[in-house]
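Working notes, structure below.
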Amino acid sequence: MELGPIGPLPAAIHRPRTAVPAAGFSDFVDGLAPVQGSAGDIALPDRGTIRLGPAAAASARDARGAILKPLEDFLGEVNTSLNNAGEMQERLVAGEDVDFHDVMVASEKGAVALQLTMQLRNRILEAYQEVSRMQV
Amino acid sequence: MGAFDGLDIAASGLTAQRFRLDVISANLANVNTTRTDAGEPFRRQIVHFRARQGKLPGVDVFEIAQDKTPFPRIYDPGNPDADEAGYVRMPNVNSITEMTDLISASRSYEANITAAGAMKEMARKALEI
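Each protein sequence line maps, in turn, to chains A and B.
Here our numbering is used: the first residue of the first sequence is 1, the next is one more, and so on.
Here our numbering is used: the first residue of the second sequence is 1, the next is one more, and so on.
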């Protein structure tokens, strides 16, 4: 069955219709912007192909960037925070003149940032599983 | 990350109070020092703080000032630093004042610890939502 062109769809609508691979989050995000095939067609296992206009494909790619870029930036910040804490601890045990409270504050920042990362990961995985369970 | 501003502000207070404690310790250590490189008895040092300039509030150590109070003179002819009349100029450090300042610095440090702890608890609680 071939559905007609349905034009640009809001990201929230066409996102769940993608064929979601069971491999992992990055594959899931890749699935948001199908680049194989022509002009962003989306293959559904049982319903043939939905033809998306180029605008929809582009917006799907934008959506992917919009999801991943801030996430990567945030992970970079968390990493910096953790590295900073480790560096402070090394300087302390190496006998340098470091205030205890500065070390503790840096460690606490790293720990909280890491916890926030884990919570974000949980939420993202929940969303992914929610979508993967969705009936199409 | 703006979420950690509170921790940084509290940390500036911790650093400031710890520094104040250092200076008070120096005053207490020199409570009987009658000879310094300046050729006079030890002069009591006072820490001056200043609110941090710029976007992030907090506190910075502005300067270490010298206490201008005159040196007390005590009669102690046996002291090598005594003048012809047998009087010695002693440091203008009062150990009672220093001890109260010490307690004040210690309590202020604890207050900043409490603020940082509250900030930490709030962040952890927020992650439980």
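The beta carbon of each residue, even a glycine, is placed where N, CA and C say it ideally should be.
Keep in mind it's a predicted model, so treat the numbers as computed, not measured.
Helix, strand or coil at residue 113 of chain B [DSSP, three-state]: Numbered from its first residue, the second sequence carries residue 113 of chain B at position 113. Of the three classes helix, strand and coil, the one that applies to residue 113 of chain B here is helix, per DSSP.
Proximity to residue 75 of chain B [Cα-Cα], best of B:89, B:68 and B:62: Indexing the second sequence from 1 puts residue 75 of chain B at position 75. If we check each option's Cα against that of residue 75 of chain B, B:89 comes out closest.
For residue 59 of chain B, which three-state DSSP category applies? Position 59 of the second sequence, counted from the start, is the residue given in the question as residue 59 of chain B. Reduced to three states, the DSSP call for residue 59 of chain B is strand.
Just to confirm my understanding: we take residue 61 of chain B, look at its own chain, exclude 5 residues before and 5 after, and list those with CB closer than 7 Å. What are they? Here residue 61 of chain B is taken as the residue at index 61 of the second sequence, counted from 1. Answer for residue 61 of chain B: 16, 19, 47 and 49, listed in chain order.
Candidates B:71, B:54 and B:5: closest to residue 31 of chain B by CA position: What you label residue 31 of chain B is simply residue 31 of the second sequence in a count that begins at 1. Out of B:71, B:54 and B:5, B:71 has the C-alpha closest to the C-alpha of residue 31 of chain B.
Using 8 Å as the threshold, is the C-beta distance between residue 81 of chain B and residue 35 of chain B below it? Taking the second sequence and counting its residues from 1, one reaches residue 81 of chain B at position 81. Taking the second sequence and counting its residues from 1, one reaches residue 35 of chain B at position 35. In contact: residue 81 of chain B and residue 35 of chain B (Cβ atoms closer than 8 Å).
If we ignore side chains and look at the alpha-carbon of each, how far apart do residue 96 of chain B and residue 108 of chain A end up? For the purposes of this step, residue 96 of chain B is identified with residue 96 of the second sequence, where counting begins at 1. For the purposes of this step, residue 108 of chain A is identified with residue 108 of the first sequence, where counting begins at 1. Distance between the alpha carbons of residue 96 of chain B and residue 108 of chain A: 37 Å.
Less than 6 Å between C-beta atoms, sequence neighbours within five positions excluded: which residues of the same chain meet that for residue 26 of chain B? In the second sequence, counting from the first residue as 1, residue 26 of chain B sits at position 26. Answer for residue 26 of chain B: no residue qualifies.
Can you give me the C-alpha to C-alpha distance between residue 84 of chain A and residue 98 of chain B, rounded to a whole angstrom? One-based indexing of the first sequence puts residue 84 of chain A at position 84. One-based indexing of the second sequence puts residue 98 of chain B at position 98. Cα-Cα distance, rounded: 36 Å.
Per-residue contacts from residue 49 of chain B into chain A (C-beta, under 8 Å): Residue mapping note: residue 49 of chain B aligns to position 49 of the second sequence, counting from 1. In chain order: nothing, as chain A lies at least about 16 Å away.
For residue 7 of chain B, which residues in chain A fall below 8 Å Cβ to Cβ? Your numbering for residue 7 of chain B matches position 7 in the second sequence. Those within 8 Å of residue 7 of chain B in chain A are 105, 108 and 109.
Relative to the alpha-carbon of residue 93 of chain B, which residue among B:43, B:4 and B:64 has its alpha-carbon at the smallest distance? As a position in the second sequence, residue 93 of chain B is number 93, starting the count at 1. Of B:43, B:4 and B:64, the residue nearest in Cα terms is B:43.
Amino acids of chain B, ordered along the chain, whose beta-carbon sits closer than 8 Å to that of residue 98 of chain A: As a first step, residue 98 of chain A must be located in the first sequence, where it is residue number 98. In chain order: nothing, as chain B lies at least about 11 Å away.
List the residues of chain A that residue 71 of chain B touches, going by C-beta distances under 8 Å, in chain order. For the purposes of this step, residue 71 of chain B is taken as the residue at position 71 of the second sequence. Within chain A, no residue comes near residue 71 of chain B; the closest Cβ sits about 33 Å away, beyond 8 Å.
Using a C-beta cutoff of 8 Å, does residue 56 of chain B count as contacting chain A? On the second sequence, position 56 is the one that residue 56 of chain B refers to. No, residue 56 of chain B lies away from the interface with chain A (no Cβ there is under 8 Å from its Cβ).
Can you tell me whether residue 101 of chain B is buried or exposed, with buried defined as 16 or more other CB within 10 angstroms of its CB? Within the second sequence, residue 101 of chain B is the residue found at index 101, counting from 1. Buried, by the Cβ-count rule.
Buried or exposed: where does residue 9 of chain B fall if 16 or more other Cβ atoms within 10 Å of its Cβ makes it buried? Locating residue 9 of chain B in the second sequence gives position 9, where the first residue counts as 1. By the neighbour-count rule (16 or more Cβ atoms within 10 Å), residue 9 of chain B is buried.
Using only CA atoms, which one of B:128, B:65, B:113 and B:57 lies nearest to residue 5 of chain B? As a working mapping, residue 5 of chain B is identified with position 5 in the second sequence. Selected option, being the one with the closest Cα: B:57.
Got a sec? Which residues, its chain only, sit under 6 Å from residue 63 of chain B by beta carbon, not counting five neighbours each side? Within the second sequence, the letter at position 63 stands for residue 63 of chain B. The answer, listed in chain order, is 48.
Tell me which residues share the same chain as residue 88 of chain A and place their Cβ nearer than 7 Å to its Cβ, disregarding the 5 neighbours each side in the sequence. Numbered from its first residue, the first sequence carries residue 88 of chain A at position 88. So the list reads 98, 102, 103 and 106, once near-sequence residues are dropped.
Hey, would you say residue 7 of chain B sits closer than 8 Å to residue 115 of chain A, going by beta carbons? Translated into positions along the second sequence, residue 7 of chain B becomes position 7. Translated into positions along the first sequence, residue 115 of chain A becomes position 115. Cβ distance not < 8 Å, so residue 7 of chain B and residue 115 of chain A don't count as in contact.
Let me know the secondary structure DSSP gives residue 133 of chain A once reduced to three states. Translated into positions along the first sequence, residue 133 of chain A becomes position 133. Coil, per DSSP.
Spatial distance of residue 80 of chain A from residue 39 of chain B (CA atoms): Taking the first sequence and counting its residues from 1, one reaches residue 80 of chain A at position 80. Taking the second sequence and counting its residues from 1, one reaches residue 39 of chain B at position 39. Whole-angstrom Cα-Cα distance: 50 Å.
Under 8 Å, Cβ to Cβ, is there at least one residue of chain B near residue 116 of chain A? The residue labelled residue 116 of chain A in the question sits at position 116 within the first sequence. So, interface residue.
Quick one: give me the first and last residue of the alpha helix (DSSP H) that residue 98 of chain A is part of. Position 98 of the first sequence holds residue 98 of chain A. Element bounds for residue 98 of chain A: n/a, residue is neither H nor E.
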